[in-house]
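A.B. asks: Okay, handing you the structure first.
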Amino acid sequence: MVIDTRVCVGCSACVYACKSENAVPEGYCRDWVVQETKGNFPKLTMENRSERCQHCENAPCVTYCPTRASHYAEDGTVQINRSLCTGCKACLAACPYDARYIHPDGFADKCSLCHHRIEQGLKTACVSVCPTGSLHLVDFNDPDEEAQKLMAGRIVYRQKEHAGTGPSLFWISASNKPGA
Amino acid sequence: MDHWQNFSRRDFIKISSLFLAGSAAMSSSAGQAFSGLGQSGSDENSDRIVYSFCEHCFWRCGIAAHVRDGKVYKIVGSEHHPLSQGKLCPRGTGGIGLLYDPDRLQHPLIRETKGGKQYYRKASWDEATGMVAEKLYGIHEKYGPGAIAMLHHGFGVSFFKQMFSQIGVNKFAKPSYDLCCGPARQASVLTYGYPSGTPEGFDIKNSKYMIFFGTHFGENMHNTAVQEISEGIRRGAKIAVFDPRFSTIAGKAEHWLPIKPGTDIAMMQGLMHVLISENLYDRSFVQHHTVGFGELWDSVRKMTPEKVAEITEIPADAIRTVAREFAFNAPAAFVHSGRRTNWYGDALQRIRAIHILNALVGNFKMPGGVVNFDKFVLKKPKTAHAHPPYEKSVYSRYPFFPDDEPSNTIASHEIVQQAISGEIKALMIYGVNLPETMTLGRETAIEALRKVDFMVAVDVLPAEVTGYADVVLPECTYLERYDALDAGRNFRTPFVALRQPAVPPMYESKPGNQIAKMITDKWGMHGVFPASVEAGLDKTLKMTGSSLEEIKKTGVIVRPETDLYRKPGVALNLKTPSGKIELASSRLRAAGFDAVPRYTPQPEAPAGFYRMLTGRKPMLTFGRTANNRFLGDVATAKENEVWVNTETAAKHDLNNDEYVHLKNQAGVVSEFPVKVKVTQRIRPDAVFMVHGFGHTAAKMTWAYKRGASHNQLISRTDIDPAMGSVGFQNNFVTFIKEA
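Below, the structure written as structure tokens:
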């Protein structure tokens, strides 16, 4: 995904759309919104961003899962096989992004990148709902033009790259000048 | 009748016992609709998709409700509806939280007194509507139609208006006029000769420069506007925000100008001064299409940036910069009139000043400027029943109250006052939670509710207002009913939208169209409404060349885009007295008001107190969503916080996340404590809290005691003398630390 924080208003439409699409139990969520303000009155800057599992190329949750419940799917996303999951929480401890929770029914749960929708040619619930068009689902396996177009010439970052996880979420920084 | 003796006749009743037994049983199964057991994924093919429109705010976006096994399991934005374009804000998705709210009203209730104690008993629809029909008719016979009034909020009210027309009652008020859209509407009438609409008439999509005064898009999730502003940011449009608080939109802005609250008109005058004195205004447009330029210049001649800087606490250079950038980007630039910005008693003049700024740069009906979107023209079948003539078409005593809005003939605070004075004997309250709505504050609202001889509440939830009713009629939610057709939104592509049920009404709740019909039937007035609501809709749609069957497929009929822009050399022919844009309003002058806006200082905070500002969270619409567990189930939605500047917090020894009580200038102490948010994002002389929290109705089990009520802390209101809107920001609070 490429997430354009220049336009995100932090409304949480993505969070609620995910909750109803994926029947996420009360008290939990698979995606969430961070609002970060820097500086001192009146010189302030703000970034809003929608966060979720980063579907890492080198995912610690997969490495440390003792039962192979956490695994890479064919499309490169990180998925959880619920029937193999014992709810041991090794993945929760391993994930540097705090993207997982233990479902009340006893298994680890997180963003699946709406694989059931993608299989049907649909976009994820969060991408579909977003009123600001901040969220972009791109296929990095393709020599994809859309991703390049979105990011070219702009300040783009990934989170905790130093952890060596190879996260698949790219953020267009809110610090980009208007029209960049 | 001595009303004083009657004062405490109607005690507040907590809707209880009977009602609870049912709801407890329902809550576990209803809760599953959104709490789920993790059956991840939907099979789009097995879903039934019902296209309708949302009721969580006045924007009324198109929705697609996905139904499976008789339950709405998700709601997404309708791809067919021009206002949603497949997208939706959190509240739209959150419709399931209202539909499956375990606290919903389930049966009609009637107030009883036994052994000096008041309680509600469950009643049949026949008995409850019979009592409403009898009481309303009796009061109408005894005191005349002017003794009955209706306060309403929500699209479903049309049936009750039609019901009341049968006995000549048309004293109707919508609090949103007083609090939100009224001044913008009337300022537009006085300046341009037509009322402003929803979405507001700004060509955001093509704009290069947008100025916002305190209106906070991104926290107001007005779907289409937010979509277009986001597109503007991507295009490189610049934004300037005047707001005492670093709002979300301020976070997107090139310039955030933390203006001193209450000084907006001075700032607008300063901007006008720069535009005129630096010759940046559109001289030719002003000459040909406006009147009153000389008078305007006289009124702002002395409002130099330096003088305005002293008043507003914004540096003179910043004022010049914004004015110059505005002019440079014009006509693809605008100052937005905002929404719900009635803070002081001067809202009409404040929004007039915004329109004047726009007129000065000649952005009227230009790409990226001010435009006038069209509505879908819906032909309506003649009503079979002629109703008795109304006593008046307007009951408000404010000279610039609209005279062309049959659903809004008096300000809601005037209804409150007439209820207290005894002029109004009976009230129907449709979807307005009066004690928590900013119409003269909580105490006054409760006094009015206690005073009237008869009150009937039509509502979905056991909100505070229902506890004061003699009869409570449980309406089903917007997801369970048909309503009138929505042709009331103005847009680039005019449209008419259908509200249709996704699922049948739960419990014993009924749609408004049936409730109103039952009451007219009790009056012996048959044939007021069509045999069925579907038949009525179909008849109307056939006059437009469509049908109910056809519109049900997509929920909307959309007309092609209209031409929004003016042509060079063509007169505007506006419906103002001069036919031109009135920089100086001849109508205001004739009625004894200032023809051009003038800044007047607002009272300052007492020592140790801070001006109380208000607004909203993007996932909530005040009372509408207060009890919505689905929407409440995200950390930032659970309660309201009081925002306090770091410096101010240090003075009062306040820590972040600490709970305090607030006390206002009149000594009112918040019933519940509120969490402190220590932040750099607000001026040191003001605090901010989201409205719609701190509920006292125990049967709204989610909302009860959650956060603090902003409404409770309003002891002073300032009413616009020209058009009757209510300002409430001359209230000041201080902090009481928990012992």
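If you're matching them up, the sequences are chains H and Y in order.
For the first sequence, the tail end lands on 180 under this note's numbering, and the numbers increase by one without skipping.
For the second sequence, the tail end lands on 919 under this note's numbering, and the numbers increase by one without skipping.
Even glycine gets a Cβ: it sits at the ideal position worked out from N, Cα and C.
Computed from a prediction, not measured in an experiment: that's the story for all the values here.
#1: State yes or no: is the beta carbon of Y/Gly416 nearer than 9 Å to at least one beta carbon in chain H?
#2: Which same chain residues, not among the five before or five after Y/Arg809, have their C-beta less than 6 Å away from its C-beta?
#3: Would you call the segment 166-179 of chain H and the segment 632-642 of chain Y touching, i.e. three or more CB-CB distances under 8 Å?
#4: With which residues is Y/Ala883 paired in a DSSP beta bridge?
#5: Could you work out which residues of chain H lie near Y/Trp436, taking near to mean beta carbons separated by less than 8 Å?
#6: Return the CA-CA distance between Y/His333 and H/Lys149, expressed in angstroms with no decimal places.
#7: With burial defined as no fewer than 16 other Cβ atoms inside 10 Å of the residue's Cβ, what is the status of Y/Pro325: buried or exposed?
#8: Report all residues from its chain with a CB closer than 8 Å to the CB of Y/Tyr779; omit the five preceding and five following residues, and keep chain order.
#9: How about Y/Leu316 and Y/Lys302: do their beta carbons lie closer than 9 Å?
#10: Is Y/Lys388 helix, strand or coil by DSSP?
#11: Can you list, in chain order, the residues of the segment 4-19 of chain H whose Cβ is nearer than 8 Å to any Cβ on chain Y?
#12: What's the C-alpha gap between Y/Pro495 and Y/Glu486?
#13: Less than 6 Å between C-beta atoms, sequence neighbours within five positions excluded: which residues of the same chain meet that for Y/Leu768?
#14: Runs of 4 residues minimum, wholly inside the segment 592-619 of chain Y: which ones carry the alpha helix (DSSP H) assignment?
#15: In the DSSP assignment, find the unbroken alpha helix (DSSP H) run with Y/Phe465 in it and report its ends.
#16: For the beta strand (DSSP E) containing Y/Phe233, name the first residue and the last one.
#17: Once the 5 residues before and after H/Gly87 are set aside, which same chain residues still bring their CB inside 7 Å of it?
#18: DSSP has Y/Ile761 in a bridge; who is on the other side?
#19: Which partner residues does Y/His402 have in the DSSP bridge list?
#20: With a floor of 3 residues, list each beta strand (DSSP E) that falls wholly inside the segment 788-820 of chain Y, ordered by position along the chain.
#21: Could you tell me whether the Cβ atoms of Y/His435 and Y/Thr501 are closer together than 9 Å?
#22: Is the beta carbon of H/Ala99 closer than 9 Å to that of H/Asn22?
#23: Could you pull the DSSP bridge partners for Y/Arg248 from this structure?
#24: Check for me: the beta strand (DSSP E) holding H/His71 runs from which residue to which?
#25: Could you give the DSSP three-state label for Y/Phe339: helix, strand or coil?
#26: Just to make sure I have the definition right: I need the residues of chain H whose C-beta is within less than 8 Å of the C-beta of Y/Thr805. Which are they?
#27: Could you check whether the Cβ of Y/Met792 sits closer than 8 Å to any heavy atom belonging to the ligand ATP?
#28: Do Y/Val840 and Y/Ser790 have their beta-carbon atoms positioned less than 9 Å apart in this structure?
#29: Just mark H/Asn40 as buried or exposed, buried being the case when its beta carbon has 16 or more other beta carbons within 10 Å.
#30: Hey, is H/Asn48's beta-carbon within less than 9 Å of any beta-carbon in chain Y?
#31: I need the straight-line Cα distance from Y/Tyr280 to Y/Thr657, nearest angstrom please.
#32: Closest Cβ-Cβ distance between Y/Ser209 and chain H: below 9 Å?
#33: By the three-class DSSP mapping on this structure, what secondary structure does H/Ser184 have?
#34: Mind checking which residues open and close the beta strand (DSSP E) that includes H/Glu36?
#35: When you compare the segment 816-834 of chain Y with the segment 853-860 of chain Y, are there three or more beta-carbon pairs, one atom per stretch, that lie closer than 8 Å?
#36: Quick check: what's the CA-CA separation for H/Val7 versus Y/Leu754?
C.D. replies: Here's the rundown:
#1: Here residue 416 of chain Y refers to the residue found at position 236 of the second sequence. For Y/Gly416, the answer is yes, since a Cβ of chain H falls inside 9 Å of its Cβ.
#2: Position 629 of the second sequence, counted from the start, is the residue given in the question as residue 809 of chain Y. Once the five neighbours on either side are set aside, the close Cβ partners of Y/Arg809 are Gly277, Trp882.
#3: No: the two stretches stay apart, fewer than three of their Cβ pairs being nearer than 8 Å.
#4: Translated into positions along the second sequence, residue 883 of chain Y becomes position 703. DSSP lists no beta-bridge partner residue for Y/Ala883.
#5: The count along the second sequence starts at 1 and reaches residue 436 of chain Y at position 256. Under the 8 Å cutoff, chain H gives Pro42, Leu44.
#6: Within the second sequence, the letter at position 153 stands for residue 333 of chain Y. Within the first sequence, the letter at position 149 stands for residue 149 of chain H. Between the alpha carbons of Y/His333 and H/Lys149 lies a gap of roughly 46 Å.
#7: Walking along the second sequence from the start, residue 325 of chain Y turns up at place 145. Label assigned to Y/Pro325: buried.
#8: What you label residue 779 of chain Y is simply residue 599 of the second sequence in a count that begins at 1. So the list reads Thr443, Ile445, Ala446, Gln449, Met483, Ile491, once near-sequence residues are dropped.
#9: Walking along the second sequence from the start, residue 316 of chain Y turns up at place 136. Walking along the second sequence from the start, residue 302 of chain Y turns up at place 122. In this structure, Y/Leu316 sits away from Y/Lys302, with a CB-CB distance that is not shorter than 9 Å.
#10: Taking the first residue of the second sequence as position 1, residue 388 of chain Y is located at position 208. Coil, per DSSP.
#11: Taking a C-beta cut-off of 8 Å against chain Y, the contacting residues of the segment 4-19 of chain H are Asp4, Arg6, Val7, Val9, Gly10, Cys11, Ser12, Ala13, Val15, Tyr16, Ala17, Lys19, listed in chain order.
#12: Along the second sequence, read from residue 1 onward, the residue named residue 495 of chain Y stands at position 315. Along the second sequence, read from residue 1 onward, the residue named residue 486 of chain Y stands at position 306. If you take the alpha carbons of Y/Pro495 and Y/Glu486, they lie about 8 Å apart.
#13: By one-based count along the second sequence, residue 768 of chain Y stands at place 588. Closer than 6 Å at Cβ, skipping near neighbours: Ala775.
#14: Here the runs fully enclosed are 592-601.
#15: On the second sequence, position 285 is the one that residue 465 of chain Y refers to. Start and end: 463-469.
#16: For the purposes of this step, residue 233 of chain Y is identified with residue 53 of the second sequence, where counting begins at 1. Element bounds for Y/Phe233: 228-233.
#17: Taking the first residue of the first sequence as position 1, residue 87 of chain H is located at position 87. Cβ within range, chain order: Ile102, Gly106, Phe107, Ala108.
#18: On the second sequence, position 581 is the one that residue 761 of chain Y refers to. Residue pairing by DSSP puts Y/Ile761 in a beta bridge opposite Y/Thr470.
#19: Within the second sequence, the letter at position 222 stands for residue 402 of chain Y. For Y/His402, which the question treats as bridged, DSSP gives no partner whatsoever.
#20: Listed in chain order, the complete beta strand (DSSP E) runs (minimum 3 residues) inside the segment 788-820 of chain Y are 790-795.
#21: In the second sequence, the residue the question calls residue 435 of chain Y occupies position 255. In the second sequence, the residue the question calls residue 501 of chain Y occupies position 321. The Cβ atoms of Y/His435 and Y/Thr501 sit closer than 9 Å to each other.
#22: Counting from one through the first sequence, the residue named residue 22 of chain H turns up at place 22. Counting from one through the first sequence, the residue named residue 99 of chain H turns up at place 99. Cβ atoms of H/Asn22 and H/Ala99: not closer than 9 Å.
#23: Position 68 of the second sequence, counted from the start, is the residue given in the question as residue 248 of chain Y. According to DSSP, which records beta bridges pairwise, Y/Arg248 is partnered with Y/Lys251.
#24: If you number the first sequence from 1, residue 71 of chain H lands on position 71. First-last of the beta strand (DSSP E) with H/His71: 70-72.
#25: Counted from its first residue, the second sequence places residue 339 of chain Y at position 159. Note: Y/Phe339 maps to helix in three-state DSSP.
#26: For this step, residue 805 of chain Y is matched to residue 625 along the second sequence. Scanning chain H for C-beta atoms nearer than 8 Å to the C-beta of Y/Thr805 yields nothing, as the closest lies near 11 Å away.
#27: Of ligands this structure carries none, so the ligand ATP is not represented either.
#28: Against the second sequence, residue 790 of chain Y aligns to sequence position 610. Against the second sequence, residue 840 of chain Y aligns to sequence position 660. The residue you asked about is not Ser; residue 790 of chain Y is Tyr in the sequence shown. Taking C-beta atoms as the reference points, Y/Tyr790 and Y/Val840 fail to come closer than 9 Å.
#29: Counted from its first residue, the first sequence places residue 40 of chain H at position 40. When all chains shown are included, H/Asn40 counts as exposed.
#30: Locating residue 48 of chain H in the first sequence gives position 48, where the first residue counts as 1. Interface criterion met: the Cβ of H/Asn48 is under 9 Å from a Cβ in chain Y.
#31: As a first step, residue 280 of chain Y must be located in the second sequence, where it is residue number 100. As a first step, residue 657 of chain Y must be located in the second sequence, where it is residue number 477. About 10 Å.
#32: For the purposes of this step, residue 209 of chain Y is identified with residue 29 of the second sequence, where counting begins at 1. Confidence at Y/Ser209 is low in this model, with a pLDDT of 37, below 50, so its placement is unreliable and the value that follows should be read with caution. False, the Cβ-Cβ gap to chain H never drops below 9 Å.
#33: Nothing about residue 184 of chain H can be reported from this structure: the residues present for chain H run from 1 to 180 only.
#34: The count along the first sequence starts at 1 and reaches residue 36 of chain H at position 36. Taken as a continuous stretch (DSSP letters only), the beta strand (DSSP E) holding H/Glu36 covers 32-40.
#35: Taking one beta carbon from each stretch, the segment 816-834 of chain Y and the segment 853-860 of chain Y have 3 or more pairs nearer than 8 Å; the two touch.
#36: Counting from 1 along the first sequence, the entry for residue 7 of chain H is found at position 7. Counting from 1 along the second sequence, the entry for residue 754 of chain Y is found at position 574. Each residue's Cα considered, the two are about 37 Å apart.
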